Amino acid sequence: MIAMHPSLATAANPVFLGYVYTCLVLSLNLLALWVSSGAVRAHSGVAINPEDGARYGAPVRELDPPAVARILRVHRNAEAAIYPFLILGLVYVLVGGHASIAIPIFAAFTGARIVHSIVYLRALQPWRTLSFAVSLLALIALMVAILVTVL
Amino acid sequence: MIAMHPSLATAANPVFLGYVYTCLVLSLNLLALWVSSGAVRAHSGVAINPEDGARYGAPVRELDPPAVARILRVHRNAEAAIYPFLILGLVYVLVGGHASIAIPIFAAFTGARIVHSIVYLRALQPWRTLSFAVSLLALIALMVAILVTVL
Amino acid sequence: MIAMHPSLATAANPVFLGYVYTCLVLSLNLLALWVSSGAVRAHSGVAINPEDGARYGAPVRELDPPAVARILRVHRNAEAAIYPFLILGLVYVLVGGHASIAIPIFAAFTGARIVHSIVYLRALQPWRTLSFAVSLLALIALMVAILVTVL
Chain P
1 MIAMHPSLAT AANPVFLGYV YTCLVLSLNL LALWVSSGAV RAHSGVAINP
51 EDGARYGAPV RELDPPAVAR ILRVHRNAEA AIYPFLILGL VYVLVGGHAS
101 IAIPIFAAFT GARIVHSIVY LRALQPWRTL SFAVSLLALI ALMVAILVTV
151 L
Chain E
1001 MIAMHPSLAT AANPVFLGYV YTCLVLSLNL LALWVSSGAV RAHSGVAINP
1051 EDGARYGAPV RELDPPAVAR ILRVHRNAEA AIYPFLILGL VYVLVGGHAS
1101 IAIPIFAAFT GARIVHSIVY LRALQPWRTL SFAVSLLALI ALMVAILVTV
1151 L
Chain S
2001 MIAMHPSLAT AANPVFLGYV YTCLVLSLNL LALWVSSGAV RAHSGVAINP
2051 EDGARYGAPV RELDPPAVAR ILRVHRNAEA AIYPFLILGL VYVLVGGHAS
2101 IAIPIFAAFT GARIVHSIVY LRALQPWRTL SFAVSLLALI ALMVAILVTV
2151 L
């Protein structure tokens, strides 16, 4: 069991505090995408589950309409990047990573992911590829930072 | 590196202990859904991978049969809610959250997710929407609790 | 807030060090699968997003070609196993798990997942089912180890 010191001011550990805000913003990003996919499906007049089709008088389809499928692709992409980043980010906090390295990586990843969600939803290229590349580089930088710290 | 005190009794930190049980139950929820999707597909007589079709003499399809597709939707929904919750839950433990706030949130989320899995599998509305709403509210409450603690 | 002791040598906690390397290798596994799915789609001459179809002069389809769909199934399978494992693995570190239990579980899971990715991509049975079973057993062993430690 880890020793908890609730009296320790959060300001004493800027890496962890930066992680906490990163975690909150990226969770909001995921939730906003996910909840909106359900809202757009409800407005599309198409149901995926037969019980919803019966309830709302909507035709049942095996595949979502294009607008919903797009939001779900954005959400899937966000999940595939954000879950590893948040787990690795906490690892970097726990190995005692430096704020001067952690904060820029956390900020770059978070900014790039928010931009990626927006431009993917709006079908804007090459911005989708560019923001994806930035988020991927931030993820790789985080892995390198962890490796350098524990070696 | 964090300081580890293995001699610290778990009972000394009820928030973390509550988190550990939450984590175990929700992981079981995910695993049960995931493994059952494979079992139901195996019994459906349809294969998604050509090598499985050749092995079991089953026709190969691009899309899963409806019963399997439903379980996979339930599993996907569980993943999209549970991974952020478990990461945020650990963050709440680490910021020194209070048991009087953490335990009700952990319990509400866990209960709502188990109910959601069962009623989604059985196509029961409005229970699916209701249990989903409760789990979403618990997730938002957890984010607010973290924010209030670090501010 | 947890107490951070950056001066604590990593070697003082082999369970956590083992977890860090496990986390890095499994994240690489996930990233390699994910990035290659995009690369193979780009070479397949088919687009899922209309803006990519317009950009590259590629026909737009609702479903990915078989080679891409396979990589995405491998990635989805890796995600569904690895995210719970990494969260539970960190929990085992934090409850003060023993290295003699943690290291074999971490190694078995990591090895089985890498083998699973390779044999799934190459459509090799029964190796896919066998490596999947080993990774599932390691995941269950980890849950039991956590439960035994906190009880």
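Chains as they are written, first to last, in the working numbering: chain P, 1 to 151; chain E, 1001 to 1151; chain S, 2001 to 2151. Virtual Cβ for every residue (Gly too), placed ideally from N, Cα, C. All values reported here derive from a predicted model rather than from experimental measurement.
Using only the alpha-carbon positions, how far apart do residue 2129(S) and residue 2075(S) sit?
16 Å
Residue range of the alpha helix (DSSP H) that includes residue 59(P)
No alpha helix (DSSP H) contains residue 59(P), which DSSP labels as neither H nor E.
Give the secondary structure of residue 1008(E) by DSSP, where H, G and I count as helix, E and B as strand, and everything else as coil.
Annotation note: pLDDT 32 at residue 1008(E) (below 50); position unreliable, coordinate value reported separately. In this structure, residue 1008(E) counts as coil in the three-state DSSP scheme.
Interface positions of the stretch 2027-2041 of chain S facing chain C (Cβ-Cβ less than 8 Å), listed along the chain:
Checking the listed chains, one finds no chain C in this structure; the protein chains it contains are P, E and S.
CB residue 2112(S) to CB residue 2131(S), shorter than 8 Å?
yes
Given a threshold of 16 other Cβ atoms within 10 Å of its Cβ, counted over all protein chains shown, does residue 2120(S) qualify as buried or as exposed?
buried
Residues bridged to residue 47(P) [DSSP beta-bridge criterion]
60(P)
Take residue 43(P) as the anchor and find which of 59(P), 116(P), 30(P), 21(P) has the nearest alpha-carbon.
59(P)
What are the boundary residues of the alpha helix (DSSP H) that residue 2077(S) is part of?
2066-2094
Cα-Cα separation, residue 50(P) to residue 56(P)
10 Å
So what's residue 2145(S) in DSSP terms, helix, strand or just coil?
helix
Give the residues of chain S in contact with residue 1064(E), contact being defined as C-beta atoms less than 9 Å apart.
The premise fails here: residue 1064(E) is roughly 11 Å from chain S at the closest Cβ pair, so nothing lies under 9 Å.
Please classify residue 1147(E) as buried or exposed, where buried requires at least 16 other C-beta atoms within 10 Å of its C-beta.
exposed
Any beta-carbon of chain E closer than 8 Å to the one on residue 92(P)?
no
Cα-Cα, which of 1035(E), 1088(E), 1081(E), 1106(E) is closest to residue 1017(E)?
1106(E)
Report the start-end ranges of each beta strand (DSSP E) in the stretch 2096-2137 of chain S that is 3 residues or longer and not cut off at the edges.
none
Taking residue 115(P) as the query, report the chain S residues whose CB atoms sit under 7 Å from its CB, ordered along the chain.
Chain S residues near residue 115(P): none, gap ~16 Å exceeds 7 Å.
Assuming residue 2102(S) contacts residue 2015(S) under a Cβ cut-off of 8 Å, what Cβ separation, rounded to an integer in Å, is found between them?
5 Å
Establish whether the CB of residue 107(P) and some CB of chain S are separated by less than 8 Å.
no
From the beta carbon of residue 2048(S), is the nearest beta carbon of chain E less than 8 Å away?
no
State yes or no: is the beta carbon of residue 2017(S) nearer than 8 Å to at least one beta carbon in chain P?
yes
Residue 26(P), DSSP secondary structure in three states
helix
Indicate the three-state DSSP secondary structure (helix, strand or coil) for residue 2139(S) in the structure shown.
helix
Between the alpha carbons of residue 62(P) and residue 48(P), how many angstroms are there, rounded?
6 Å
Please state whether DSSP places residue 1033(E) in a helix, a strand or coil.
helix
Would you tell me roughly how many angstroms separate the C-alpha atoms of residue 1093(E) and residue 2142(S), rounded to the nearest one?
21 Å
My guess is that residue 1193(E) and residue 1022(E) are in contact by the Cβ rule of under 8 Å, so how many angstroms apart are they, rounded?
Any question about residue 1193(E) goes unanswered here, given that chain E covers just 1001 to 1151.
Closest Cα partner of residue 1115(E) within the set 1144(E), 1078(E), 1139(E), 1085(E)
1078(E)
For residue 2020(S), which residues in chain P fall below 7 Å Cβ to Cβ?
91, 95, 146, 150
Answer with buried or exposed for residue 133(P), where buried requires no fewer than 16 other C-beta atoms within 10 angstroms of its C-beta.
exposed
Simplified DSSP state of residue 2017(S), which is helix, strand or coil:
helix
Which residues, in order along the stretch 74-91 of chain P, keep a beta-carbon less than 8 Å from a beta-carbon of chain E?
75, 79, 83, 86, 87, 90
For a contact defined as C-beta to C-beta under 9 Å, what are the partners of residue 1070(E) on chain S?
The premise fails here: residue 1070(E) is roughly 16 Å from chain S at the closest Cβ pair, so nothing lies under 9 Å.
Close beta carbons around residue 138(P), own chain, < 6 Å, minus the five adjacent residues each side:
105, 108, 109
Taking only beta-carbon atoms, is residue 1140(E) less than 8 Å away from chain S?
no
Option nearest residue 2054(S) by Cα separation, candidates 26(P), 72(P), 126(P):
126(P)
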